[in-house]
Amino acid sequence: MKQVIYILFFLIGGVSLAQVDFTANASRNKIAINERLRIEFKMNVDGDNFTPPNFVGFQVVAGPSQAVSQSWINGASSMSKSYTYVLKPGKTGTLSIQQAVMTYQGNEYKTIPQIINVTGAVETPKGPDDQSISADDSIHLIAEVSNENPYLNEAIRVVYKIYVSNQTGVTGWNELDSPKYRDFWSQNIDNRNRQVQNGTYLGEPYRYLVLREAVLYPQKTGKLEIEPLTLDVQVQIPTNRKDFFGRPYMTTANKTVSAGKREINVKNLPALGRPASFTGAVGDFDFKVETDRALLDAGESLTASISVTGSGNLKLMELPKLKAPQSLEVYDPERKNNVRTNIYGMSGSITDRYTVVPQYGGKYVLPPVEFSYFDPKKEQYFTENSSEMLLVVEGDAPTTAGANSVIESAKDGKNIIQNNAQFVFIKIDTELKDQTKSYFFNSTSYWAILGGSFLLLPLILLLRSQQEKRGSDVVGNRVRTANRLSKRYLSKAKKNLGNHELFYISLEKSLHNYLKSKLHIQTGDMSKDKVDELLSQKGGALPTRKEFGELLASCEFARYTPSSEATMKDDYEKAGRVLNEMDKQLKK
Numbered sequence: 009m010k011q012v013i014y015i016l017f018f019l020i021g022g023v024s025l026a027q028v029d030f031t032a033n034a035s036r037n038k039i040a041i042n043e044r045l046r047i048e049f050k051m052n053v054d055g056d057n058f059t060p061p062n063f064v065g066f067q068v069v070a071g072p073s074q075a076v077s078q079s080w081i082n083g084a085s086s087m088s089k090s091y092t093y094v095l096k097p098g099k100t101g102t103l104s105i106q107q108a109v110m111t112y113q114g115n116e117y118k119t120i121p122q123i124i125n126v127t128g129a130v131e132t133p134k135g136p137d138d139q140s141i142s143a144d145d146s147i148h149l150i151a152e153v154s155n156e157n158p159y160l161n162e163a164i165r166v167v168y169k170i171y172v173s174n175q176t177g178v179t180g181w182n183e184l185d186s187p188k189y190r191d192f193w194s195q196n197i198d199n200r201n202r203q204v205q206n207g208t209y210l211g212e213p214y215r216y217l218v219l220r221e222a223v224l225y226p227q228k229t230g231k232l233e234i235e236p237l238t239l240d241v242q243v244q245i246p247t248n249r250k251d252f253f254g255r256p257y258m259t260t261a262n263k264t265v266s267a268g269k270r271e272i273n274v275k276n277l278p279a280l281g282r283p284a285s286f287t288g289a290v291g292d293f294d295f296k297v298e299t300d301r302a303l304l305d306a307g308e309s310l311t312a313s314i315s316v317t318g319s320g321n322l323k324l325m326e327l328p329k330l331k332a333p334q335s336l337e338v339y340d341p342e343r344k345n346n347v348r349t350n351i352y353g354m355s356g357s358i359t360d361r362y363t364v365v366p367q368y369g370g371k372y373v374l375p376p377v378e379f380s381y382f383d384p385k386k387e388q389y390f391t392e393n394s395s396e397m398l399l400v401v402e403g404d405a406p407t408t409a410g411a412n413s414v415i416e417s418a419k420d421g422k423n424i425i426q427n428n429a430q431f432v433f434i435k436i437d438t439e440l441k442d443q444t445k446s447y448f449f450n451s452t453s454y455w456a457i458l459g460g461s462f463l464l465l466p467l468i469l470l471l472r473s474q475q476e477k478r479g480s481d482v483v484g485n486r487v488r489t490a491n492r493l494s495k496r497y498l499s500k501a502k503k504n505l506g507n508h509e510l511f512y513i514s515l516e517k518s519l520h521n522y523l524k525s526k527l528h529i530q531t532g533d534m535s536k537d538k539v540d541e542l543l544s545q546k547g548g549a550l551p552t553r554k555e556f557g558e559l560l561a562s563c564e565f566a567r568y569t570p571s572s573e574a575t576m577k578d579d580y581e582k583a584g585r586v587l588n589e590m591d592k593q594l595k596k
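Everything in the sequence shown is counted per this note's numbering, starting at 9 for the first residue and increasing by one.
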């Protein structure tokens with residue numbers, strides 16, 4: 009009897025040891041649309057062929073994070089194996105996480121489906137209760153504004169920086185919303201040499217990268233808003249698992265960060281002390297008026313220039329007008345801009361060039377030109393005046409005044425001409441025209457055109473023959489068309505940088521048309537092995553063929569996974585380089 013009892017206890021213990029547990033545990037069964045949850049699939053055996061559910065209605069933002077543990081207690085061993093995902097719901101309502109599947113010793117095991125209720129967005133979203141929420145505190149997007157209380161038309165700088173903690177990393181980002189500068193004149197500053205730098209954020213050590221820089225000139229007074237820059241960032245964050253050397257394994261999570269709206273309070277320019285000649289120039293300037301010469305003949309022209317040099321709103325200001333006596337014919341000015349814009353604002357010069365033509369001999373006085381501007385640093389107006397300029401005009405225009413007679417503007421605004429040139433409009437030179445009619449027929453031009461037509465006839469026939477021959481070359485036309493389409497689609501891919509779907513469609517069409525033109529095959533025959541074999545027969549080197557195959561694979565892979573703008577730019581540059589090298593290697 010005792011032996012039977014021992015055997016029963018042994019069998020019961022063996023059954024209990026062989027029991028397999030495979031469970032699914034969600035961190036919460038009720039979340040908001042802007043929150044995340046963690047789900048863990050855990051087994052107490054070393055199962056194989058783990059297959060997660062499709063997660064319909066959810067987006068996987070991190071995982072799978074795998075963990076394995078094994079222990080021995082009083083001679084008995086136990087083990088645990090788990091796969092963890094972080095999910096983001098895609099819609100509200102009742103969603104179901106279906107069964108996960110694994111096999112152990114030839115038997116198949118499934119978890120129980122999990123029901124999740126998804127509500128509307130909440131003001132303060134919560135993350136999943138595991139270490140992956142550290143992404144919320146490790147990535148920060150900041151908009152630094154040089155001056156939040158500028159004057160009207162005073163330059164301000166906006167610098168967008170992304171701060172990343174030293175315990176995490178960033179693999180890429182996608183721009184969700186671009187900043188909008190309503191009521192500002194704006195210009196983005198090209199920052200091609202972006203480098204990661206060390207700095208601090210809220211007193212903690214961080215690394216940061218300058219993403220974008222812009223210079224703004226407010227065009228309205230009062231409170232103006234700068235719309236935020238928003239990014240979807242792929243963040244590498246540590247998990248609870250560590251490698252042999254004690255370093256944590258990293259997992260990838262998505263984090264949406266925004267620089268937030270920035271409010272700029274724009275002050276109006278002071279009315280006290282504003283000169284009558286002020287036309288909106290704000291900055292620090294030098295003013296100059298000059299002519300290219302002071303002595304000329306009647307009927308000749310001279311150039312008078314009004315120039316402003318310095319730093320400020322050069323492209324947005326108005327220059328004062330040149331005033332001249334009515335006896336001088338003054339044409340509308342030609343504007344010449346030599347303005348550079350960097351992160352500190354506009355600098356350089358602008359010039360209005362007037363063409364002046366005197367009609368009569370004598371002496372003319374160009375009155376002074378006044379220019380006023382406001383210096384925001386010194387917070388006061390400044391006025392500069394040019395000196396009077398004397399023009400001496402010599403010529404045969406009739407005059408009874410002496411050599412020292414001056415033509416100038418009177419106080420009432422009328423020009424007084426101190427000579428007797430009232431009959432100057434009468435022409436004294438004649439231009440006679442032959443009234444005898446000439447005929448084109450039998451003229452030199454007639455025979456030249458007729459002879460030239462006979463000489464051009466053989467050339468026209470030769471060109472037509474070559475055109476017909478080329479039109480009958482079906483294969484050659486197909487190759488030339490494919491080559492032309494390859495270049496066109498490659499150019500179209502460059503224009504679509506930033507648009508994931510259109511970029512890779514254009515790039516794939518460019519590569520296929522290139523193969524059509526070089527290998528004389530159709531799209532349906534373009535298998536990987538056949539393309540590589542034909543390129544090898546044509547003389548393509550192995551590294552170049554390998555890179556060409558990688559480009560085709562990238563286009564195929566891009567249909568199913570998103571790519572960053574940096575990845576698209578790398579693929580475009582790689583395509584141009586590979587096609588250029590392939591052209592050099594392939595035999596004609």
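Glycine included, each C-beta is placed from N, C-alpha and C at the ideal position. These numbers come from a predicted model, not from an experiment.
For residue i and residue j, I'd like the C-alpha separation in whole angstroms.
i: Ala418; j: Val373; result: Because Ala418 carries a pLDDT of 37, less than 50, the predicted location of this residue cannot be relied on, and the following value inherits that uncertainty. The straight-line gap from Cα to Cα measures roughly 11 Å.
i: Tyr189; j: Asp145; result: 28 Å
i: Thr119; j: Ala32; result: 6 Å
i: Thr363; j: Ala222; result: 38 Å
i: Gly207; j: Pro278; result: 39 Å
i: Thr552; j: Val347; result: 45 Å
i: Glu326; j: Leu398; result: 26 Å
i: Tyr580; j: Lys500; result: 11 Å
i: Ile39; j: Arg46; result: 11 Å
i: Ala34; j: Ser88; result: 17 Å
i: Thr452; j: Gly459; result: 11 Å
i: Tyr497; j: Gln475; result: 27 Å
i: Met51; j: Glu116; result: 12 Å
i: Leu149; j: Glu396; result: 57 Å
i: Leu464; j: Asn450; result: 21 Å
i: Val178; j: Val265; result: 13 Å
i: Pro61; j: Ile123; result: 13 Å
i: Ile424; j: Thr299; result: Its pLDDT being 38, under 50, Ile424 is placed unreliably in this model, and the coordinates cannot settle the point.
i: Gln530; j: Lys524; result: 6 Å
i: Phe66; j: Pro121; result: 14 Å
i: Ser335; j: Thr287; result: 28 Å
i: Ala4; j: Ala302; result: Residue 4 lies beyond the residue range present for the chain, which begins at 9 and ends at 596; the question has no answer from this structure.
i: Ser90; j: Asn588; result: 49 Å
i: Tyr257; j: Thr247; result: 6 Å
i: Thr111; j: Glu48; result: 17 Å
i: Leu469; j: Trp455; result: 22 Å
Going by DSSP, what residue range makes up the alpha helix (DSSP H) through residue i?
i: Thr608; result: Residue 608 is absent from the model: the chain starts at 9 and stops at 596.
i: His508; result: His508 to Leu527
i: Val539; result: Lys536 to Gln545
i: Leu43; result: In the sequence under discussion, the amino acid at residue 43 is Glu, which differs from the Leu named in the question. Counting along the chain, Glu43 falls outside any alpha helix (DSSP H), and DSSP gives it neither H nor E.
i: Arg585; result: Glu573 to Gln593
State the CB to CB distance for the pair residue i and residue j, rounded to an integer number of angstroms; the pair is presumed to be in contact (CB under 8 Å).
i: Leu219; j: Ile164; result: Actually they do not touch by this definition, with Cβ atoms about 18 Å apart.
i: Arg361; j: Glu337; result: Wrong, their Cβ atoms sit about 15 Å apart, outside the cutoff.
i: Ala561; j: Leu515; result: About 12 Å separates the two Cβ atoms, so there is no contact after all.
i: Ser535; j: Ser518; result: Going by Cβ atoms, the distance from Ser535 to Ser518 rounds to 19 Å, so no, they are not a contact pair.
i: Ala306; j: Gly369; result: 5 Å
i: Pro375; j: Val401; result: That belief does not hold up - the Cβ atoms of Pro375 and Val401 are roughly 17 Å apart, past 8 Å.
i: Val69; j: Leu103; result: 15 Å between Cβ atoms; not a contact.
i: Trp181; j: Ser572; result: 7 Å
Starting from residue i and walking both ways along the beta strand (DSSP E), at which residues does that stretch end?
i: Gly370; result: Gly370 to Leu374
i: Glu162; result: Counting along the chain, Glu162 falls outside any beta strand (DSSP E), and DSSP gives it neither H nor E.
i: Thr359; result: Gly353 to Pro366
i: Asp185; result: Gly177 to Asp185
i: Ser88; result: Ala84 to Pro97
i: Glu392; result: Gln388 to Asn393
i: Tyr189; result: That residue, Tyr189, is in no beta strand (DSSP E); it is neither H nor E in DSSP.
i: Pro256; result: Pro256 to Ser266
i: Lys4; result: Nothing can be reported for residue 4, as the shown portion of the chain is limited to 9 through 596.
i: Ala34; result: Phe30 to Ala34
With contact counted as at least three CB pairs below 8 Å, one residue from each stretch, are the stretch 315-326 and the stretch 281-295 in contact? Yes: the two stretches touch, three or more of their Cβ pairs being nearer than 8 Å.
Where in the stretch 301-336 do unbroken runs of the beta strand (DSSP E), each at least 3 residues long, occur, reported from the N-terminal end onward? Listed in chain order, they are 303-305 and 310-320.
Is there contact between the stretch 124-133 and the stretch 350-363, where contact requires at least three CB pairs shorter than 8 Å? At 8 Å Cβ cutoff, the stretches do not touch.
Touch check for the stretch 230-243 and the stretch 259-270: three-plus C-beta pairs under 8 Å? Yes, they touch.
Curious, which full-length beta strand (DSSP E) runs of at least 3 residues does the stretch 193-222 contain? If we require 3 residues or more, the beta strand (DSSP E) runs fully inside the stretch 193-222 come out as 205-209.
Using 8 Å as the cut-off, can you tell me whether the stretch 255-264 makes contact with the stretch 151-163, which would need three or more C-beta pairs spanning the two stretches below that distance? Note that the stretch 255-264 does not touch the stretch 151-163; fewer than 3 beta-carbon pairs, one per stretch, sit closer than 8 Å.
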